[in-house]
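Working notes for the structure below.
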Amino acid sequence: MPIHKIAVISDTHGILRPEAAELLRSAELILHGGDVADQKTLDRLKECARVIAVRGNCDREWAEGLPQEICLELYGKKIYMVHNKKQMTPEAEDADIIIYGHSHKYEERKEDGRLWLNPGSGGPRRFGRPATMAMLEIDGESGSLAVRRIGLSEGEAQDTDSDCFCPEFGSGELRGIVETVVKDLARGRSVDHIVRTRRVSRVLTEQICQIYFTHPGIDAQGVMDRIEIAGR
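For our numbering, count along the sequence shown from 1 and bump the result up by 10.
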């Protein structure tokens, strides 16, 4: 009987590293733990292998069709997947494998015969942590399970301390974000409120906020003229 390879990845946030894509193509199936970021990235993942994904907190309107949690059985193993493990439901109680993401931190442990697995961030590095994914290998004859932690180094993306990472902006998209944030600041909204409700990175929101309050009367174009975006 063959060894079945299941790739586990999460928190890609719009980034598919070449090294990750190569590994995903070697798998029979990709399990994605949420925060894909956009339909384009999901389509690129599907070009590598069949994808089963849950919706993360940064997956916006485009992802309304993705479930919040998934229960499935693969090669004799019951698998439960959710983006944030704090949002687990009783559906996870009889799972052999529990997969989650959100923290961008790799975690692998066994408790009461069950495997708990967070593959870490397959996209941006956060708080200096390495980019990682995992590969599950299930023996089709014995049912034995092995896990490989895989570090990703190729195609490094910038670090972020944001809960919702925005890797790149086109000029039109950036203008729309700046205009929205400036309007919210004019209404007295806090940075925390804007980050939470608008799903804009905290780094960018704070940068806009600093420019807005240190240049009285400035408009969105004025902020655009002064803002510094990495790589632009």
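For every residue, glycine included, the Cβ atom is placed at its ideal position computed from N, Cα and C.
Keep in mind the model is a prediction, meaning the values are calculated, not measured.
Contact check for L76 against R60 fails: the beta carbons are separated by 8 Å or more. Here T142 is buried: its Cβ has 16 or more other Cβ atoms, across all protein chains shown, within 10 Å.
Residue pairing of C219 in beta bridges, as defined by DSSP: absent, with no partner found. Counting along the chain, no beta strand (DSSP E) covers T99, and no H or E run does either.
Per DSSP, H14 is one residue of the beta strand (DSSP E) stretching across I13 to I19. A Cβ-Cβ separation of about 7 Å places D45 in contact with S20 under the 8 Å criterion.
As for any alpha helix (DSSP H) of minimum length 4 sitting wholly inside the stretch 31-99, the runs are 49-58, ordered along the chain.
In this structure, DSSP gives I108 an extended state, which the three-state scheme calls strand.
Assignment of D229 by DSSP, reduced to helix, strand and coil, places it in the coil class.
In summary, A196 is exposed, with fewer than 16 beta-carbon neighbours lying within 10 Å of its beta-carbon over all protein chains present. Per the Cβ contact rule, the stretch 64-73 is not in contact with the stretch 116-129 (fewer than 3 Cβ pairs under 8 Å). The closest CA to that of A63, considering only L184, E57 and L41, is found on L41.
Nearest to Q217 by C-alpha distance, out of T207, I187 and G198, is I187.
At a Cβ-Cβ threshold of 8 Å, T22 and G130 do not count as neighbours. Here V188 carries a helix assignment [DSSP, helix/strand/coil].
R139 and L34 have their C-alpha atoms spaced approximately 21 Å apart. For V205, there is no enclosing beta strand (DSSP E); the residue is part of the alpha helix (DSSP H) that begins and ends at V201 to R208. For the options N67, K96 and I16, the alpha carbon positioned closest to that of C58 is the one of I16. If you look at R135, you'll find it isn't in any beta strand (DSSP E); DSSP assigns it neither H nor E. Annotation for R236: I221 place their beta carbon closer than 7 Å to its own, counting only its chain and skipping 5 residues before and after. Close CB contacts of G24 within its chain, under the 6 Å cut and outside five residues either way in sequence, are with A47, D48, T51 and P177 (chain order).
Of the other Cβ atoms in all chains shown, fewer than 16 fall within 10 Å of the Cβ of R206; this residue is therefore exposed.
Our two residues, K96 and I108, have alpha carbons roughly 12 Å apart in a direct line. T22: not part of any beta strand (DSSP E); DSSP gives it neither H nor E.
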